[in-house]
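Novice: Numbering (our numbering), first residue to last: 164 to 734.
Here it is, the structure in full.
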C-alpha cells in the first residue's frame, strides 16, 4: 500500500521497507540514523572549534567554583542564593543540605549541556536541537527528583508513612505492568466519566454519517438562534469531544446556550481498511461533506467555521480551495492552535526529517495506520518531566493514585491515523511547508492562503509544545483578511478548555485590520490588550456580531442517532 514517494515498488525496496520497519519496532519508532547523524555533526564540528571548547571549559570552571562556594555556605548552615531554580525543586525540602547541593549541581549540568549543544560553528539548527533535546532527556533520567535516595519529599513521606507509600506504589506498578502485558489501554475515565453521559453529553443528533465522519447537530437551548450556524472541525488525532467535555467545560454547550446553532464533525477512528485515505479524502468526505449537509439543513445561510489543531489546518486549506473556486459559503474562520506555516513548528520538528519519516512510513506500510501509542510516546518525550517522570514519582514512590479529570479522560482516548494521509500531512506540510509556499494542491490544483480574505479569529496558547504561538501567528503574513488574534494562558489543550470562572486565566487580544501594516509577534505583544479570565466570551461576542439576526432554530433530523454518535465510541 503506497503511502508516499518512498513506497516500495520492487522486491529490493520491499526488503528495505521490512528491515526499516523492524528497526523501528526495536527503537520505539525513532530513527537511529537521524540521531547518529545529529550526534556526528555536532561532535565533529565541536572538535574543530577550539574557541567553543575553551568557552565551555571556562563555563565549567565558573560553575564548579560557584557550586563549591554554594556547598560550603550550605554546610555552614547559611542559606545562599540559588545558582539556578526550577519548579520541580521548589518545595522547602529541596532547600536543605545536601539536597540543595544535589539539585543545584544537576541544574548547573543542564545549563552546561544547553550551552554545549547550541551555537556550535557549522552545525545545522535541526541537529543542534536534536542534540540538546537528547541531552536534556538523558539528564532527566538521573535527576535527583527521580531517585528515591535523593528526593527529600519521597524520603519524608516514607518516614511519615512507615513505607506505606512504597507499598502502594509497588501495587500500582504491578497493576500497570499487568495491563501492559495484556496490551490493554485503560482510559482513566473509568465508570465515573462515560462518553455520552458525563463527557460529550450536549444533546443533539447525528445528521450525516459516511465512511469517515459523523456530523453532529446540537439541539437549540432557546426559542431563537442566530441565523448563521457554526461548524466545528476538531483534530482527528484525538476524539472530537475535547470541544464538548463535561457540562461545565464544554465549548459546544457554551455556544449553544448563547444562541448559536452548532454542528461538529466526529471523525472515525480508522483501521487498516482505511489506510488509503488521504488528505483530499479528509477534505471531501470530511469538511465538504459536512459543509454541504449544513447547507441542506440551513439553506441560504453562510457558515462560521472553526478548526482546532489539525482540524484548523485542514480548515485553512479548505478555505483557500473555496476561495480559488469562488465558493462564498463561509462567513468567517476561527483557528484554534492551528499552524499554517511550519517553518518553526516547535519541538515537534525534532521528529520531522526524511530519516524519521522514512521510519514511520515503513511501519505504517506494514500496519496501515499510525498507532495511537506512537504519537502519545512522542508527546511524552516532549514533556517528559510533566507527563512521565513526575507522574512516575507520584505514582510509584509517593504511592499517590491519580484521580483523573475530564481532560485526562479525553487525552487517554486517542485515535489512529491512516498511513497515506499521515505521510502526506507530515511531508507536504511539516517537512516541505507546501501550504505556506503556495505549492499545496487540492484535487490536483494548487491553493494559496493569500486568496483567503475572510475575517478570522485565532487563538494560540503561551505554553504550547505542539503549535507554538509564534508559529500560529504566521497566518498574519499569509491571509489578507482581518485577524483578531488571542494569546491565552495555558497549554495546547488547557488553554482551549478555558470556561469562564476557571482560576488564573488571562489573555491578550488585538485585531489587525486587513489594510494595516504587518506587525511582528513582539510588536503585537506590545499593543495587544491584556484581559483577565476566559477568552470564550470574547469569541462568542465576535461570532454574535457577525451571525445575523435571531430566528427560529432549524429542526433536528428526527431519524438521526443521538449525539455523540457511534464513531466516538470506536476504540
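Here a beta-carbon is modelled for each residue, glycine too, at the ideal position from N, C-alpha and C.
Being a predicted model, the structure only gives us computed values, none of them experimental.
Classify residue 576 as buried or exposed, calling it buried when 16 or more other Cβ atoms lie within 10 Å of its own Cβ.
Specialist: Answer is buried; the Cβ neighbour count reaches 16.
Novice: Starting from the Cα of residue 433, find the closest Cα among 622, 425, 532 and 379 and give me that residue.
Specialist: Here the closest residue by C-alpha is 532.
Novice: Consult DSSP for residue 236 and reduce its assignment to one of helix, strand or coil.
Specialist: Of the three classes helix, strand and coil, the one that applies to residue 236 here is helix, per DSSP.
Novice: Using the beta-carbon count (16 or more within 10 Å), is residue 354 buried or exposed?
Specialist: The pLDDT assigned to residue 354 is 47, lower than 50, so where the model puts this residue is not dependable; a value taken from the coordinates is nonetheless given after this. Per the 10 Å Cβ criterion, exposed.
Novice: Just curious, the beta strand (DSSP E) that residue 692 is in, first and last residue?
Specialist: Residue 692 -> beta strand (DSSP E) spans 692 to 695.
Novice: Pull up the CB-CB distance for residue 194 and residue 522, whole angstroms please, since I reckon it's below 8 Å.
Specialist: With a Cβ gap of about 5 Å, residue 194 and residue 522 count as contacting.
Novice: Determine the direct distance from the alpha carbon of residue 700 to that of residue 305, and round the result to whole angstroms.
Specialist: Rounded to whole angstroms, residue 305 to residue 700 spans 45 Å at the Cα level.
Novice: Could you work out which residue in 241, 225 and 285 is closest to residue 275 when comparing CA atoms only?
Specialist: The shortest Cα separation from residue 275 among 241, 225 and 285 belongs to 225.
Novice: Cα-Cα, which of 271, 286 and 708 is closest to residue 302?
Specialist: Comparing Cα-Cα distances from residue 302 to each of 271, 286 and 708, the minimum goes to 271.
Novice: My understanding is that residue 652 touches residue 695, with C-beta atoms under 8 Å, so please give their C-beta distance in whole angstroms.
Specialist: The Cβ separation is near 10 Å, so there is no contact.
Novice: Touching or not, the region 653 to 669 and the region 404 to 423, by the rule of three or more beta carbon pairs under 8 Å?
Specialist: The region 653 to 669 is in contact with the region 404 to 423.
Novice: What does the Cβ neighbour count give for residue 727, buried or exposed, with the cut at 16 atoms within 10 Å?
Specialist: Looking at its Cβ environment, which holds 16 or more other Cβ atoms inside 10 Å, residue 727 is buried.
Novice: Comparing alpha-carbon positions, which option in 268, 598 and 180 lies nearest residue 442?
Specialist: Out of 268, 598 and 180, 598 has the C-alpha closest to the C-alpha of residue 442.
Novice: Alpha carbon to alpha carbon, what distance is there between residue 446 and residue 477?
Specialist: The straight-line gap from Cα to Cα measures roughly 7 Å.
Novice: Any chance you could list the beta strand (DSSP E) runs of at least 3 consecutive residues sitting entirely within the region 617 to 644, in chain order?
Specialist: Runs found: 619 to 624.
Novice: Suppose only complete runs of 4+ residues qualify. What are the alpha helix (DSSP H) ranges in the region 509 to 580, listed by chain order?
Specialist: Listed in chain order, they are 517 to 530, 535 to 545 and 569 to 574.
Novice: Do you know how far the Cα of residue 296 is from the Cα of residue 221?
Specialist: Straight-line Cα distance between these residues: approximately 23 Å.
Novice: Among the residues of its own chain, which have a CB less than 6 Å from the CB of residue 730, if the five just before and after it don't count?
Specialist: Closer than 6 Å at Cβ, skipping near neighbours: 377, 429 and 431.
Novice: Tell me whether the beta-carbon of residue 502 lies closer than 8 Å to the beta-carbon of residue 642.
Specialist: Contact flag unset, no.
Novice: Do residue 492 and residue 454 count as a contact pair if the criterion is CB distance below 8 Å?
Specialist: Cβ distance < 8 Å, so residue 454 and residue 492 count as in contact.
Novice: Alpha carbon to alpha carbon, what distance is there between residue 323 and residue 260?
Specialist: Those two C-alpha atoms are separated by around 20 Å.
Novice: When you compare each of 202, 514 and 525 to residue 186 by their alpha carbons, which one comes out closest?
Specialist: Nearest C-alpha to residue 186: 525.
Novice: Consult DSSP for residue 348 and reduce its assignment to one of helix, strand or coil.
Specialist: At residue 348, the pLDDT of 44 sits below 50, so the modelled position is not reliable; the number obtained from the coordinates is stated separately. In the structure shown, residue 348 sits in coil (DSSP, three-state: anything other than H, G, I, E or B).
Novice: Measure how close the beta-carbons of residue 556 and residue 308 come, nearest whole angstrom, since I'm counting them as under 8 Å.
Specialist: That belief holds up - the Cβ atoms of residue 556 and residue 308 are roughly 7 Å apart, short of 8 Å.
Novice: Indicate the three-state DSSP secondary structure (helix, strand or coil) for residue 188 in the structure shown.
Specialist: Helix at residue 188.
Novice: Would you call the region 191 to 210 and the region 276 to 294 in contact, with 3 or more CB pairs under 8 Å?
Specialist: Short answer: they touch.
Novice: Under 8 Å by Cβ, that's how I've got residue 612 and residue 483 pegged, so tell me the actual separation to the nearest angstrom.
Specialist: That belief holds up - the Cβ atoms of residue 612 and residue 483 are roughly 5 Å apart, short of 8 Å.
Novice: For residue 473 and residue 408, which I take to be in contact (beta-carbon distance under 8 Å), what is that distance rounded to the nearest angstrom?
Specialist: Not a contact, Cβ separation roughly 19 Å.
Novice: Could you tell me the boundaries of the beta strand (DSSP E) in which residue 494 lies?
Specialist: Start and end: 493 to 499.
Novice: Ignore the nearest five residues each way along the sequence and tell me which others in residue 375's own chain have a CB closer than 6 Å to its CB.
Specialist: Counting only Cβ-Cβ distances below 6 Å, and skipping sequence neighbours, we find 431, 448 and 449.
Novice: Which two residues bound the contiguous alpha helix (DSSP H) that contains residue 454?
Specialist: Unbroken alpha helix (DSSP H) run through residue 454: 452 to 460.
Novice: I'd like to know whether the C-beta atoms of residue 580 and residue 698 end up nearer to each other than 8 Å.
Specialist: Going by C-beta atoms, residue 580 is not nearer than 8 Å to residue 698.
Novice: Could you pull out every residue in the same chain whose Cβ sits closer than 6 Å to the Cβ of residue 537, ignoring the five residues on either side in sequence?
Specialist: Here the set comprises 192.
Novice: Kindly indicate which three-state DSSP category residue 177 falls into: helix, strand or coil?
Specialist: Of the three classes helix, strand and coil, the one that applies to residue 177 here is helix, per DSSP.
Novice: For residue 394, write down the residues that DSSP places opposite it in a beta bridge.
Specialist: Paired residue(s): 426 and 468.
Novice: Quick check: the region 547 to 564 against the region 591 to 607, are there 3 or more CB pairs under 8 Å?
Specialist: Judged by Cβ distances under 8 Å, the region 547 to 564 makes no contact with the region 591 to 607, as fewer than three pairs qualify.
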